[in-house]
Structure formats: structure tokens, C-alpha cells
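Visitor:
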Amino acid sequence: MILLQCVQLSKSFGAEEILSNVKLEVQSRDRVALVGRNGAGKSTLLKIIAGEMSFDTGDLIIPKDARIGYLAQDSGLESDRSIWDEMMTVFEHLQKMEQALRRLEEKMSDTENPNYEKVLMEYDQLQQDFKDQGGYQYEADTRGILSGLNFASFDYATKISSLSGGQKTRLALGKLLLTKPDLLILDEPTNHLDIETLTWLENYLSGYDGAILIVSHDRYFLDNVVNQVYELSFNKTVKYTGNYSNYLSEKAKRLEIEMKNFEKQQDEIKKLEDFVQRNIARASTSNRAKSRRKQLEKISVKNRPQDDDASANFRFEIIKQSGNDVLSIDHLKLGYGGKTLIENINLKLTRGESVALIGPNGIGKSTLIKAISKKIAPLEGNIQYGSNVTIGYYDQEQTELTSNKTVLQELWDEYPQTPEKDIRTILGNFLFSGEDVLKIVYDLSGGEKARLALAKLMMKKANLLILDEPTNHLDLDSKEVLESALIDYPGTLLFVSHDRYFVNRMATRVVELSPKMITNYLGDYDYYLAKKLEQEEWKKLEELKDKEQSPSRKDPAPGQVEQQTKQDYEREKELKKKQRQRQRRIEELEKEIEQEEERIAQWEEDLCDPEIFQDHEKSLEINESLEKAKTNIEALMEEWEELQLDEME
1 MILLQCVQLS KSFGAEEILS NVKLEVQSRD RVALVGRNGA GKSTLLKIIA
51 GEMSFDTGDL IIPKDARIGY LAQDSGLESD RSIWDEMMTV FEHLQKMEQA
101 LRRLEEKMSD TENPNYEKVL MEYDQLQQDF KDQGGYQYEA DTRGILSGLN
151 FASFDYATKI SSLSGGQKTR LALGKLLLTK PDLLILDEPT NHLDIETLTW
201 LENYLSGYDG AILIVSHDRY FLDNVVNQVY ELSFNKTVKY TGNYSNYLSE
251 KAKRLEIEMK NFEKQQDEIK KLEDFVQRNI ARASTSNRAK SRRKQLEKIS
301 VKNRPQDDDA SANFRFEIIK QSGNDVLSID HLKLGYGGKT LIENINLKLT
351 RGESVALIGP NGIGKSTLIK AISKKIAPLE GNIQYGSNVT IGYYDQEQTE
401 LTSNKTVLQE LWDEYPQTPE KDIRTILGNF LFSGEDVLKI VYDLSGGEKA
451 RLALAKLMMK KANLLILDEP TNHLDLDSKE VLESALIDYP GTLLFVSHDR
501 YFVNRMATRV VELSPKMITN YLGDYDYYLA KKLEQEEWKK LEELKDKEQS
551 PSRKDPAPGQ VEQQTKQDYE REKELKKKQR QRQRRIEELE KEIEQEEERI
601 AQWEEDLCDP EIFQDHEKSL EINESLEKAK TNIEALMEEW EELQLDEME
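full-length UniProt numbering puts the sequence shown at residues 1 to 649.
#1: How close, in whole Å, do the beta carbons of Pro181 and Arg67 come, if the pair is a contact with beta carbons under 8 Å?
#2: Quick check on DSSP: helix, strand or coil for Glu642?
#3: Can you give the Cα-Cα distance for His192 and Thr199, rounded to whole angstroms?
#4: Just to confirm the assignment, what range does the alpha helix (DSSP H) spanning residue 687 have?
#5: Buried or exposed: where does His473 fall if 16 or more other Cβ atoms within 10 Å of its Cβ makes it buried?
#6: Where does the unbroken beta strand (DSSP E) through Met53 begin, and where does it stop?
#7: Within 10 angstroms of its Cβ, does Tyr525 collect 16 or more other Cβ (buried), or is it exposed?
#8: Who does Phe495 pair with in a DSSP beta bridge?
#9: In the DSSP assignment, find the alpha helix (DSSP H) that holds Gly428 and state where it starts and stops.
#10: Taking Cβ to Cβ, would you say Leu347 is nearer than 9 Å to Ser328?
#11: Let me know if Ile185 comes out buried or exposed under the rule of 16 or more other beta-carbons within 10 Å of its beta-carbon.
#12: For Leu513 and Lys365, which I take to be in contact (beta-carbon distance under 8 Å), what is that distance rounded to the nearest angstrom?
#13: Less than 9 Å separating the beta-carbons of Leu4 and Val22?
#14: Compare the Cα-Cα distances from Ser233 to each of Glu106, Met88, Ser20 and report the closest residue.
#15: Between Asn227 and the rest of its own chain, which residues show a CB-CB distance below 6 Å, the 5 nearest in sequence each way excluded?
#16: Could you tell me which residues DSSP puts in a beta bridge with Phe262?
#17: Bridge partners for residue 687 per DSSP, in chain order?
#18: Following the continuous alpha helix (DSSP H) through Thr306, name the residue where it begins and the one where it ends.
#19: Between Phe130, Leu173, Arg288, Val437, which has its C-alpha nearest Met97's C-alpha?
#20: Return the chain-ordered list of same chain residues with a C-beta closer than 8 Å to the C-beta of Glu604, the five sequence neighbours on each side being excluded.
#21: Look at the alpha carbon of Asn150 and the alpha carbon of Thr197, and state the distance between them as a whole number of angstroms.
#22: Between Tyr59 and Val7, is the Cβ-Cβ spacing less than 9 Å?
#23: Compute the beta-carbon to beta-carbon distance between Leu34 and Tyr230, rounded to the nearest angstrom, for a pair I have assumed lies under 8 Å.
#24: Report the rounded CA-to-CA distance for Asn194 versus Tyr489, giving the unit in angstroms.
#25: Would you mind working out which of Lys439, Ser249, Asp187 sits nearest Gln73, comparing C-alpha positions?
#26: Evaluate contact between the region 48 to 55 and the region 259 to 277, counting only Cβ atoms and requiring at least three cross-stretch pairs below 8 Å.
#27: Between Lys168 and the rest of its own chain, which residues show a CB-CB distance below 6 Å, the 5 nearest in sequence each way excluded?
#28: Leaving out five residues on either side along the sequence, give the residues of the same chain with a beta carbon under 8 Å from the beta carbon of Pro305.
#29: Just grab the DSSP bridge partners of Asn520 for me.
#30: So, with DSSP's three-state summary, where would you put Glu380?
#31: Quick check: what's the CA-CA separation for Lys175 versus Asp141?
#32: Once you ignore the five residues that flank Thr241 on each side, which residues in its own chain have a CB closer than 7 Å to its CB?
#33: When burial is assigned at 16 or more other CB atoms within 10 Å of the CB, is Glu410 buried or exposed?
#34: For the beta strand (DSSP E) containing Gln228, name the first residue and the last one.
#35: Are there 16 or more other CB atoms within 10 angstroms of the CB of Phe13, so buried, or fewer, so exposed?
#36: Quick one: using the 10 Å Cβ neighbour count with 16 as the cut-off for buried, is Tyr528 buried or exposed?
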């Protein structure tokens with residue numbers, strides 16, 4: 001079923017054209033990513049689809065009964081209610097049904113009531129409707145989503161007005177997920193989510209029953225969730241099948257083919273023009289030249305294939321190399337207002353390392369790197385720096401970029417010995433060209449501030465870069481440029497990031513922070529994930545061992561416990577594997593049944609067409625197809641029912 005169609009949509013703001021003849025289609029269960037540069041018009045298109053903004057020309061087709069849920073970028077939940085009460089507003093219809101059930105139960109207690117049979121029938125029907133609409137599980141669903149979005153430790157009576165902006169955004173996402181719309185539209189849903197919460201959201205969206213349309217700059221997230229990509233570039237959309245990595249590959253192939261075709265045509269045109277020029281004036285070849293000229297006039301000239309707008313272009317250099325020992329932290333304790341946030345922190349950095357610092361939101365990652373960058377003082381412990389260490393610090397909040405200076409003056413004031421021409425060249429490399437350098441710093445967008453902060457960081461030429469969420473506010477292409485610059489960086493790197501693709505590409509070591517210790521993983525993000533999974537499996541194995549060695553049981557022979565424990569573990573692992581396979585097959589069967597039902601509906605509609613009805617051969621062919629489809633549905637339903645019974649057992 002088609003849930004959304006954009007046909008030749010156009011939108012302009014004054015003389016500036018934002019969208020032009022945009023095409024986009026979303027069907028049931030589709031997972032669609034909308035990608036493109038910052039400022040390309042992605043959020044504008046989502047607002048048009050969600051009905052929050054008008055469009056100029058074209059058609060927007062959405063079925064009347066299709067329910068659409070939209071989460072704008074950084075749209076926090078504003079409410080005077082508690083967390084729980086606000087979530088429960090989604091289920092007001094179920095709560096009313098529940099109250100009606102209680103009233104009917106009171107009536108049912110009076111068996112002498114002349115309408116007793118009618119009350120019983122009404123109760124049975126209402127109870128079935130209540131069950132079908134999720135009446136017995138909505139509270140569990142709510143707790144599950146709140147837990148997944150990192151609210152498990154919260155008192156659900158907490159007022160939403162007392163929460164931070166990031167927490168309000170997560171709650172807005174949670175409330176939208178609870179509504180379970182047919183089409184879920186998410187604009188940068190991964191903002192304010194730590195890695196654990198991102199993983200939960202990926203798993204949730206992968207099993208979501210409806211369709212999803214997402215704008216996100218998180219490449220790891222897009223690879224794991226979407227199966228289609230629409231690129232919005234030069235005001236138009238181009239569709240690619242597959243996830244984000246497949247989109248990059250297919251786009252490169254398409255551009256290569258288009259460039260070859262363009263160059264081939266240009267060669268043909270040049271040869272024809274040369275022939276005409278050399279032969280038009282000669283009597284013996286004039287007719288052939290005129291023929292070639294007519295051939296030239298008929299050619300539909302291809303435009304040179306365009307990649308997206310200009311990319312930032314920069315590299316990080318150092319003035320002087322540091323010693324081999326860059327940083328040593330011993331028994332560090334950090335906190336605010338006398339309250340300890342993290343303690344017993346020990347960490348060493350050596351020259352050339354690229355270390356990712358990860359952990360849940362609020363654990364103290366930014367606090368730790370601020371202490372290392374000498375922005376705050378530790379409560380206890382020591383931070384020692386190696387010889388010739390110079391620090392360059394990138395602040396995710398860009399708290400220092402709030403001046404009323406122009407972009408040009410902001411950078412030039414910090415490096416007054418550098419000629420203006422060189423300052424302008426550097427700003428141009430960071431996509432500040434022409435009048436852009438005269439923009440006021442305070443008025444810059446998040447992406448522009450990020451690029452200006454990176455320009456200042458590059459100019460410093462420090463040999464230890466400490467970066468707090470450096471990919472925030474950057475579009476996908478700018479992230480690629482930043483990664484390439486940092487890979488070639490000859491110094492040492494310590495960074496905090498929730499961008500798992502960035503961590504995977506950059507890290508030579510992953511450091512996981514907890515309130516009382518640091519754990520090192522000597523590898524990239526994929527290695528870290530594998531080791532965490534291995535640790536979880538060993539933990540389960542140890543729990544099974546403890547269970548087998550319980551004093552309430554008879555002590556087994558030496559070695560028997562370990563063997564039995566491993567058998568139990570393997571058995572449990574195999575059962576879970578079969579359960580996952582069964583669930584996947586159930587989903588496949590449901591999809592196949594739905595497709596067959598759609599075909600049957602279409603064929604039955606075709607048989608009502610007089611032209612087809614009067615065509616004996618055609619109607620016979622359709623009837624045969626109908627019978628085959630109905631037989632197939634019966635077989636599919638039989639298998640589905642058997643699997644459902646196995647699932648319940």
C-alpha cells in the first residue's frame with residue numbers, strides 16, 4: 001500500500017528555489033532515508049509532508065486513513081504534566097474503554113438484571129476491542145520505550161518542565177513511538193542519544209510495523225535501519241535502493257557512467273564541429289558538412305554531471321612533535337559543587353594514538369576532557385602532560401563562539417600576524433566565501449559554527465587534539481572530510497563521539513568510562529562491540545555455573561558442572577536462535593499473505609471491469625490466478641498458525 005507520494009513538488013522562499021519537481025514514494029514497511037547537504041531542503045520537505053508547511057506546485061498524495069507521526073529536529077516535549085501522565089495521553093481512548101469495562105462489570109454482578117444477556121454481549125465485544133487495540137499491554141509498552149530511551153532510573157512522577165532540553169527531545173520521540181503511526185517521519189532522531197540508546201532505537205525501528213522516513217547524519221544508524229535512500233541535491237531527488245553504504249557505492253557508479261556518457265557525447269560533438277568547420281566552404285564536401293550540421297542541431301546536449309555542492313577542504317598539521325608519553329592520568333576524581341561525578345580514573349596516551357572515549361550520557365565524558373584541556377580543575381588526582389605537548393580543544397557546545405564579530409574578524413583577531421588574504425583562503429576552505437565571511441558569529445547556524453571552530457582548531461597546529469562530539473552539526477559529506485583530515489593528522493587524538501561510524505573509522509583504542517573506572521579495548525568500535533558481546537556471554541555462562549553449584553542441589557562430580565553449564569548455555573543459545581528464525585518466518589509469511597490478498601483484491605476488481613468480464617480468455621486466466629492465490633494463502637495461513645502455536649509454547 002502506498003502511504004505517501006510526492007509528485008513534482010516545488011517550493012521557493014521568495015526568489016530562492018528550495019525544492020524543484022521533487023519525487024518521493026513511501027509504501028507500507030518501507031524504511032526510507034532522505035539525505036543531502038545541510039541547507040539542501042530536507043527539513044523543508046519533511047514539514048511539507050507533515051502538513052506544517054505549504055508547497056507551491058505539484059501533488060502530495062496521502063491516503064485519508066493513513067496516520068502520520070512527525071518529529072521535528074530538536075523538538076522537545078513541553079508540558080506541565082509528569083513523565084508518566086504525559087505518555088498516558090496517547091492512550092486516553094484505551095483508558096475510557098477500561099472505565100467502560102469496569103462499569104459493565106458492575107452491571108454484570110446483578111444477574112437479575114433483565115438486560116443481563118445484552119450486557120454480557122456488550123462486555124465481550126468491548127473486551128475483545130480493548131485487547132485488539134493493545135489495552136492489556138500499553139503500560140508495558142510505555143515502560144519499555146521509556147527504559148529504551150534511558151528513563152528507567154527516573155521517577156515517572158518527575159515533571160517534564162524540570163528536564164533538560166535533550167531529555168525533553170527523547171521524551172517527544174518516545175511519545176511519538178507510542179502512537180505507532182502508519183508513517184513515522186523522523187528529523188535527526190539520533191540527536192541527544194548515547195550509543196546504548198541508539199542501538200535500542202535501531203532495534204525498535206527495525207521491527208516497527210509501519211513505514212519510516214528518516215533524515216539523519218548518523219551513517220551507522222542509516223546502514224542498520226533503511227532499505228532505500230533518496231538523495232536531495234540541486235533541489236531534486238534521486239532514488240537509490242539499499243542502505244547508506246550501498247547508496248554511496250551506487251552514486252559513485254552512476255556519476256562515473258554519466259561522466260563517461262557526457263565525455264563521449266562531447267567528443268562526438270567536437271568531431272562533427274571540426275568536420276563542418278573544415279568542409280563547409282569546399283564545394284566538393286559542402287553537402288556532407290551541411291548534413292553534419294543538421295546532425296549537430298538534432299543532438300540533445302547532455303549537461304556535465306554534477307556532484308553535490310563544494311566540500312570543505314582542510315588538513316590538521318602540527319608545529320612541533322610531542323614526546324612519546326603524551327598524557328598520564330592517575331586516580332583522578334571529578335565533580336561539581338563537592339559532588340563526585342567520576343573517580344579512580346587512570347589513563348595514559350602515547351604519541352600517535354587515536355582514542356575514543358565512550359559511555360552513557362551524563363557519565364562524565366565531557367567533564368573528563370574539559371579537565372584534560374585545563375578548562376576545569378580536578379577534585380583529586382593528577383594529570384601530567386608529556387614534553388612539548390600543545391592542546392587543541394573542540395567544544396561541542398561552541399560556548400566561545402558567541403561574539404558580535406564577523407567570521408573574518410573572529411579568526412583574524414586570534415591570529416593577527418596572518419595576512420588577511422591567507423585568513424580568507426582558510427575560511428574559503430571551510431566553505432565561508434564571499435559575503436559569508438562578514439556574517440556575525442552569534443547568528444551562525446550550528447553547522448557554520450562547527451566549521452568556524454574547526455578552522456580555529458586547524459590554525460592552532462596543536463599536537464594533541466581533544467574533541468568533544470566533533471561530528472555534531474556536520475552534514476554527511478563534511479564528516480567524511482573531517483575524518484580524512486584526522487586520519488592524516490600526525491599528532492595524538494582523544495575524542496568523545498556517539499557517531500559509531502566515526503569511532504569505527506578513527507579509533508585505534510576505545511576507552512569506556514563508568515563512574516568508578518575506565519576499561520580499555522585495543523581496537524575500533526566493531527572490536528569493542530565484539531568484546532562486549534563476548535563478556536555478556538561469559539557472564540551468562542558464569543550465572544549458569546552459579547545456578548548449577550547452588551547448595552540446594554546435590555554436588556555433582558568434578559568437571560560435571562562446567563560440562564552441564566556449557567550444555568545448558570548452548571541449548572539456551574540454540575533455542576533463542578530458533579525463536580529468532582521462527583519470528584523472522586512469521587514476519588515473512590505475514591508479508592506474503594498481505595501481498596497475495598492485495599493481488600486477489602486487484603484481480604476481483606479487474607473482473608468487475610466489463611471489458612475483462614466479456615473477454616472469456618482473460619477472465620478465465622484471472623479466475624485461475626485467483627484460485628491459485630487463495631490456495632497459496634491457505635497454505636501460508638496454515639504454516640503461520642503452526643508457527644504461532646510453537647511461539648506460544
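No residue lacks a Cβ here, since even glycine has one placed at the ideal position from N, Cα and C.
Guide: For this structure:
#1: 4 Å
#2: helix
#3: 13 Å
#4: Nothing can be reported for residue 687: it is not among the residues displayed for the chain, which extend from 1 to 649.
#5: buried
#6: Run containing Met53: none; DSSP gives neither H nor E here.
#7: buried
#8: Ala356, Leu467
#9: 420 to 429
#10: yes
#11: buried
#12: 6 Å
#13: no
#14: Ser20
#15: Arg31
#16: Paired residue(s): none; Phe262 is not in a bridge.
#17: With the chain running from 1 to 649 in the structure shown, residue 687 is simply not present.
#18: Contrary to the premise, residue 306 reads as Gln rather than Thr in this sequence. Careful: Gln306 lies outside any alpha helix (DSSP H) and carries neither H nor E.
#19: Phe130
#20: Leu626
#21: 7 Å
#22: Checking the sequence, you will find Asp at residue 59 rather than Tyr. Yes, the pair counts as a contact, with Cβ atoms nearer than the cut-off.
#23: 5 Å
#24: This sequence places Asp at residue 194; Asn is not what is there. About 27 Å.
#25: Asp187
#26: no
#27: Gly76, Leu77
#28: Leu255, Glu258, Met259, Phe262
#29: Val511
#30: strand
#31: 11 Å
#32: Gln228
#33: buried
#34: 228 to 233
#35: exposed
#36: buried
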